[in-house]
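To start, the structure under review is shown below, and the notes come after it.
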Amino acid sequence: MRFKSKLATEHVQLLHNVIVPISRLTGGGGGSIGSGTTIYLDPENLRISSRGGAGSRVDGGSSQLGGAEQGAEGIACFAELIAMNGIFLEHKIESIANNVIVFDVDLVQLRTALAATLQSLGGGGGGDGGGVRS
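With the sequence shown counted from 1, adding 2 to any position gets you this note's numbering.
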């Protein structure tokens, strides 16, 4: 499997703007059972599906329930972005699964990487068509 893309500063900012609220709603990291974020990439779309941690609540409290019912309290989030001429300037996906790639990601790490990229581009980030490769 192979994935290669080019993003402009605006695209990195857009992706960061999508990831930040999802990571806040779902608890960010994929450390607890029942939580996690899955990225689905195909030639047309980038889909983000995230589920909050088991037993976590928006108000910061913890669940008194046990067993499988704990995961039912997590917040589920879903976002779909247009890939070509949307979130990416250009991208290429190669996989034996009909050019679809699905993987899990830690939103805290992704959010941190996007923020660091934006900070490094802050000095020269005009609309000059320059891009970031991933």
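Even glycine gets a Cβ: it sits at the ideal position worked out from N, Cα and C.
Quantities reported herein were computed from a predicted structural model and do not represent experimental measurements.
Compute the distance between the beta-carbons of residue i and residue j, then report whether it is under 8 Å.
i, j, result
"Ser7", "His93", "yes"
"Phe5", "Leu48", "no"
"Leu123", "Thr39", "no"
"Leu9", "Leu120", "no"
Could you give the distance in angstroms between the alpha-carbon of residue i and the alpha-carbon of residue j?
i, j, result
"Val22", "Val110", "9 Å"
"Ser95", "Ala117", "Note on residue identity: the sequence assigns Ile, not Ser, to residue 95. Distance between the alpha carbons of Ile95 and Ala117 is about 25 Å."
"Leu1", "Ala99", "The shown model of the chain, from 3 to 136, leaves out residue 1, and the question about it has no answer."
"Arg113", "Val20", "10 Å"
"Ala115", "Leu27", "19 Å"
"His13", "Val104", "21 Å"
"Met86", "Gly76", "32 Å"
"Glu46", "Ile84", "6 Å"
"Gln15", "Ser97", "27 Å"
Would you say residue i lies against chain D (beta-carbon separation less than 8 Å)?
i, result
"Ala115", "The structure shown contains no chain D; it is built from a single protein chain."
Taking residue i as the reference, which of the options has the closest Cα?
i, options, result
"Cys79", "Ser52, Leu116 and Val104", "Ser52"
"Val107", "Ile98, Glu82 and Ile50", "Ile50"
"Gly29", "Leu9, Ile41, Gln15 and Gly54", "Gly54"
"Ala81", "Ile41, Thr119 and Asn101", "Ile41"
Write down every uninterrupted run of the alpha helix (DSSP H) in the stretch 83-111 whose length is 4 residues or greater and which is fully enclosed by it, in chain order. For the stretch 83-111, not a single whole alpha helix (DSSP H) run of length 4 or above is found.
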